[in-house]
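Colleague: In UniProt numbering, the protein residues as written are 1 to 240.
This is the structure:
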C-alpha cells in the first residue's frame with residue numbers, strides 16, 4: 001500500500017510539473033514572445049519611416065476605383081502598406097504584408113490576395129493574429145462605430161471609418177467578398193475588412209470589423225488629424 005501511495009505521489013508531482021511547464025510555455029508564447037514580436041513589427045514601421053519619411057519606402061499602388069480592372073501583382077510576404085488604428089494608441093502602427101500564409105501572418109497583418117487595394121471600390125481585406133505573433137489585432141473588439149482605421153500608402157493616407165462588426169464561423173468567407181457579406185454583388189463603395197480569431201486564445205470563430213471609406217488624404221496635405229489625436233479626445237460624429 002505504501003508503494004502504491006508513493007507511486008501515486010510521484011505521478012501527481014509529475015503531472016503538476018508538466019502542468020506548470022505547459023503554463024509557462026503559454027505565458028511565454030502569449031506574453032513575452034508576442035511582446036517582442038509586437039515591438040519588432042513596430043520597429044519595421046520605424047525603419048520604413050526613417051528610410052522614406054515621404055512614403056517612398058512603400059510600393060506604388062494604383063490610385064482610383066479600379067472597378068473591373070486588374071490589380072497589381074505584389075510579391076507574397078512583401079510590405080504593401082502601413083495600418084494605423086488610433087484607438088490602440090496614436091503611436092500604434094504595423095506593417096501590412098501581401099498574403100495571408102502562416103509565414104506571412106507571423107510577420108504581421110496580411111492583405112488578402114485579390115482583395116481591393118487601399119481606397120479602391122470593393123473590399124480591402126486584412127487578417128491579423130490576435131494572441132500570437134505580436135497579436136496586432138488583440139484589441140480589435142475595442143473598436144466602436146466611427147473609429148478610424150488608416151491605411152498609409154506611398155501616395156496617400158486612406159481613412160476608413162468603422163461601420164459595424166460581427167462574429168462568424170471560419171468558413172464564412174463572404175465577409176471578404178467585394179461587397180462584404182453579399183456574394184456576387186457588384187461593389188459601388190470602398191470597404192476595409194479586418195479579420196482575426198475569436199474569442200481570444202481560440203480559433204473557433206472569427207471576429208470581423210467592417211470599415212467604410214471616409215476619405216483619401218494626399219501626402220502633400222499632411223497626415224490626417226485622426227492619426228495623432230486619441231479617439232476619446234475627438235468630437236463625436238453625428239447630430240445631437
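Beta carbons are placed, not taken as given, at the ideal position from N, Cα and C, and that holds for glycine.
#1: Where residue 198 and residue 109 are concerned, what is the direct C-alpha to C-alpha distance, given to the nearest angstrom?
#2: Using beta-carbon positions only, say whether residue 144 and residue 159 come within less than 7 Å of one another.
#3: Consult DSSP for residue 156 and reduce its assignment to one of helix, strand or coil.
#4: Excluding the 5 residues flanking residue 200 on each side, which residues of the same chain have their C-beta closer than 8 Å to its C-beta?
#5: Express the C-alpha separation of residue 161 and residue 208 in angstroms, rounding to a whole number.
#6: So for residue 46, helix, strand or coil by DSSP?
#7: Could you check whether residue 113 and residue 153 sit closer than 7 Å to each other, using their CB atoms as the reference points?
#8: Does DSSP put residue 173 in a helix, a strand or coil?
#9: Round the Cβ separation of residue 127 and residue 196 to the nearest angstrom and send it over; I've been treating them as touching at under 8 Å.
#10: I'd like to confirm the pairing. Which residues does DSSP put opposite residue 162 in its beta bridges?
#11: Measure the CB-CB distance between residue 93 and residue 87 and report whether it falls below 7 Å.
#12: Among the candidates 219, 55, 96, whose CA atom is the shortest distance from the CA of residue 75?
#13: What is the rounded straight-line gap between the Cα of residue 23 and the Cα of residue 228?
#14: Among 216, 165, 134, which has the Cα closest to the Cα of residue 39?
Modeller: In this structure, then:
#1: If you number the chain shown from 1, residue 198 lands on position 198. If you number the chain shown from 1, residue 109 lands on position 109. For residue 198 and residue 109, the distance between alpha carbons rounds to 16 Å.
#2: Numbered from its first residue, the chain shown carries residue 144 at position 144. Numbered from its first residue, the chain shown carries residue 159 at position 159. Cβ distance not < 7 Å, so residue 144 and residue 159 don't count as in contact.
#3: As a working mapping, residue 156 is identified with position 156 in the chain shown. Strand at residue 156.
#4: Start at 1 with the first residue of the chain shown, and residue 200 comes out as number 200. Only 130, 131, 138 meet the Cβ criterion.
#5: In the chain shown, residue 208 corresponds to position 208, counting from 1. In the chain shown, residue 161 corresponds to position 161, counting from 1. Cα to Cα, residue 208 sits roughly 14 Å from residue 161.
#6: Taking the first residue of the chain shown as 1, we reach residue 46 at position 46. Of the three classes helix, strand and coil, the one that applies to residue 46 here is helix, per DSSP.
#7: Mapped onto the chain shown, residue 153 falls at position 153. Mapped onto the chain shown, residue 113 falls at position 113. No, these two residues do not count as a Cβ contact at 7 Å.
#8: Residue numbering aside, residue 173 sits at position 173 when the chain shown is read from its first letter. Of the three classes helix, strand and coil, the one that applies to residue 173 here is helix, per DSSP.
#9: Stepping through the chain shown from its first residue, residue 127 is reached at position 127. Stepping through the chain shown from its first residue, residue 196 is reached at position 196. Contact flag correct, Cβ pair sits at about 7 Å.
#10: Position 162 of the chain shown, counted from the first residue, corresponds to residue 162. For residue 162, which the question treats as bridged, DSSP gives the partners 211.
#11: Reading the chain shown from its first residue, position 93 is the one you call residue 93. Reading the chain shown from its first residue, position 87 is the one you call residue 87. No, the Cβ-Cβ distance between residue 93 and residue 87 is not below 7 Å.
#12: As a working note, residue 75 is residue 75 in the chain shown. The option with the nearest alpha carbon to residue 75 is 96.
#13: On the chain shown, residue 23 is found 23 positions in, with the first residue counted as 1. On the chain shown, residue 228 is found 228 positions in, with the first residue counted as 1. Residue confidence is low: residue 23 scores 46 on pLDDT, short of 50, so the model does not pin down where it sits. Its coordinate-derived value is still stated next. Those two C-alpha atoms are separated by around 38 Å.
#14: Position 39 of the chain shown, counted from the start, is the residue given in the question as residue 39. Of the listed residues, the one whose Cα sits closest to residue 39 is 134.
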